[in-house]
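Everything on this sheet refers to the single structure shown next.
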Amino acid sequence: MDMKTRLLAAAAALLVATPALAQPIPAPVQKRIDRILKRTPLIDGHNDVPEQIRENWKMSVEGLASGSDKRQPNPMMTDMARLHEGRVGGQFWSVYIDASVHGDEAIRQTLEQIDIVTRLVKAYPNDLELASTAADFERIHRKGKIASVMGVEGGHQMGGSMAALRQFYRLGARYMTLTHFATNDWADSATDDPKYGGLSPFGVEVVKEMNRIGMLVDLAHVSPDTMKDAIEASKAPVIFSHSNARALEDHPRNVPDDVLALLPANGGVVMVNFYTGYLSEPFRQWNAMRAGEEAKLKSLFTGQPDKRTAAMDAWDKANPPPKAEIGIIADHIEHIAKVAGDDHVGLGGDLDGIPYDQSPPGMNSVSGYPLLFAELIRRGWSDKDLAKLAGGNILRVLRRAEEVSASMKDVPPSLATLPAPAPAKPE
16 MDMKTRLLAA AAALLVATPA LAQPIPAPVQ KRIDRILKRT PLIDGHNDVP EQIRENWKMS
76 VEGLASGSDK RQPNPMMTDM ARLHEGRVGG QFWSVYIDAS VHGDEAIRQT LEQIDIVTRL
136 VKAYPNDLEL ASTAADFERI HRKGKIASVM GVEGGHQMGG SMAALRQFYR LGARYMTLTH
196 FATNDWADSA TDDPKYGGLS PFGVEVVKEM NRIGMLVDLA HVSPDTMKDA IEASKAPVIF
256 SHSNARALED HPRNVPDDVL ALLPANGGVV MVNFYTGYLS EPFRQWNAMR AGEEAKLKSL
316 FTGQPDKRTA AMDAWDKANP PPKAEIGIIA DHIEHIAKVA GDDHVGLGGD LDGIPYDQSP
376 PGMNSVSGYP LLFAELIRRG WSDKDLAKLA GGNILRVLRR AEEVSASMKD VPPSLATLPA
436 PAPAKPE
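Per this note's numbering, the very first residue in the sequence shown carries number 16; after that it's consecutive.
Given below as structure tokens:
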């Protein structure tokens, strides 16, 4: 989530009451969950702690043993104690930078984010360990630690350089999201005006190079046309590291059914996001109405902040946000499983990248995953399908990406470059 979106959502977050404590999980259900997650690591596709460290902690990785660090202005969703409480066995840490940063500066900032993750893992050797392969995830999980890899959250971060992409992989990045909130130099974003109708020719080459080196192609944030182009171009399964079902919530960040229907042939996985703004259509509509009211009041009361604030407060009291319960996450999981199949759904909470109070009760912390599993057990999910959801499906994707990369060992590294910008027209 970029800073502009974060600031808009933060205003709404102030209106949402702290979620009520979730009901305790019955002992037999918790025992069943523990048995499943001991055999199969629970792997989350997206956590934004590195962004929090960069923006609010002055690059320091200290203070995440347990509880919220006092340097952080908002409550944290992640620490080592709660990761273990949530039975997390593997984590993709997002090395996000703002989509407005391009070129060499984007590469530098991404390297700084990668450095944060490597220092974070080193600072907590009893809790975290860097992983490179699917086998590493399983080995580290058996040791009682959390296998840690990185995800580059936007194609702009490679600065148009295939060499930079390869170095990100060598440093531990195992996926790259093709776009973030803005369309970049070679791919259309879901939340920006299209330029290419999906992927440009250079974008297709990026996907092929990612296949060659074994990096997962992440389609969270991209437009439906980009999703389809990438699935067609990719020899390896794709992922959506933190996305939901568009049929249930019509946000452009979510995955349409016609794309879900392509996943069985591709082998990919949609990892479900916990943000209410991507889960609840009533909340999305409310958020849009509130943003419109804010814009109206800014126009009506230019230079009169006290009147704007009073009017906005009155609107908020008259229009409380819709609430969302944990079952809404399960609804998205079940819809994806129904359309794409049980082999094509996973978990990608987006924790510490979403407003603290805009997720269903209990799910605004890495300790909350057992609550979701208890809800799915209540709905009749089998141990086999819960294990797939937890980590089995993403482990299969990782293994297949490794196999595709091995099959391309004789393919030379891509030397493709972005086309030179067209010369400016004389005035």
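Idealized CB from N, CA, C, for every residue including glycine.
Buried or exposed for residue i, please, with buried defined as at least 16 other CB atoms from any protein chain shown within 10 angstroms of its CB.
i, result
"residue 300", "exposed"
"residue 422", "exposed"
"residue 252", "buried"
"residue 317", "exposed"
"residue 407", "buried"
"residue 31", "Unreliable positioning characterises residue 31 in this predicted model, as indicated by a pLDDT of 31, which lies under 50. A coordinate reading is not provided."
"residue 434", "exposed"
"residue 36", "With a pLDDT of only 42 at residue 36, under the threshold of 50, the placement of this residue in the model should not be trusted; the figure read from the coordinates follows. Result: exposed."
"residue 334", "exposed"
"residue 307", "exposed"
"residue 416", "buried"
"residue 227", "buried"
"residue 430", "exposed"
"residue 244", "buried"
"residue 426", "exposed"
"residue 292", "buried"
"residue 160", "buried"
"residue 394", "exposed"
"residue 432", "exposed"
"residue 249", "buried"
"residue 53", "exposed"
"residue 143", "buried"
"residue 372", "buried"
"residue 311", "exposed"
"residue 382", "buried"
"residue 329", "exposed"
"residue 106", "buried"
Between which two residues does the beta strand (DSSP E) carrying residue i extend?
i, result
"residue 61", "57-62"
"residue 109", "103-109"
"residue 295", "From DSSP, residue 295 is part of no beta strand (DSSP E); its letter is neither H nor E."
"residue 192", "188-192"
Starting from residue i, follow the alpha helix (DSSP H) in both directions and report where the run begins and ends.
i, result
"residue 388", "384-393"
"residue 143", "From DSSP, residue 143 is part of no alpha helix (DSSP H) but of the beta strand (DSSP E) over 143-145."
"residue 412", "408-422"
"residue 44", "42-54"
"residue 241", "239-248"
"residue 177", "177-185"
"residue 92", "Here residue 92 belongs to no alpha helix (DSSP H), and DSSP marks it neither H nor E."
In three-state terms, what does DSSP make of residue i?
i, result
"residue 224", "helix"
"residue 401", "helix"
"residue 121", "helix"
"residue 161", "strand"
"residue 36", "Unreliable placement is indicated for residue 36, whose pLDDT of 42 sits below 50; the coordinate value is still reported in the next sentence. In the structure shown, residue 36 sits in coil (DSSP, three-state: anything other than H, G, I, E or B)."
"residue 207", "coil"
"residue 233", "strand"
"residue 366", "strand"
"residue 1", "Past the edges of the chain, shown from 16 to 442, lies residue 1, and the structure says nothing about it."
"residue 277", "coil"
"residue 214", "strand"
"residue 435", "coil"
"residue 131", "helix"
"residue 317", "coil"
"residue 171", "helix"
"residue 381", "coil"
"residue 331", "helix"
"residue 346", "helix"
"residue 73", "coil"
"residue 396", "coil"
Among all the DSSP beta bridges, which residues are the ones paired with residue i?
i, result
"residue 354", "Looking at the DSSP assignment, residue 354 forms no beta bridge with any residue, so it has no partner."
"residue 285", "255 and 360"
"residue 166", "109 and 190"
"residue 270", "260"
"residue 202", "214"
Report yes if the C-beta of residue i is less than 6 Å from at least one heavy atom of the ligand ADP; otherwise report no.
i, result
"residue 107", "As presented, the structure is devoid of all ligands, the ligand ADP included, so that no description of it is given."
**Request:** Would you check if there are 3 or more beta carbon pairs closer than 8 Å linking the segment 324-332 to the segment 287-296?
**Result:** no
**Prompt:** Can at least three beta-carbon pairs, one atom from the segment 106-122 and one from the segment 173-186, be found at a separation below 8 Å?
**Reply:** yes
**Asked** With a cut-off of 8 Å, do at least 3 Cβ pairs link the segment 177-186 to the segment 139-159?
**Response** no
**Request:** Evaluate contact between the segment 209-217 and the segment 123-137, counting only Cβ atoms and requiring at least three cross-stretch pairs below 8 Å.
**Result:** no
**Asked** Any contact of the segment 61-68 with the segment 357-373, i.e. 3+ C-beta pairs under 8 Å?
**Response** yes
**Asked** Is it a yes or a no for the segment 379-388 touching the segment 197-207, going by three-plus beta-carbon pairs under 8 Å?
**Response** no
**Request:** Could you tell me whether the segment 251-269 touches the segment 339-354, where touching means 3 or more Cβ pairs closer than 8 Å?
**Result:** yes
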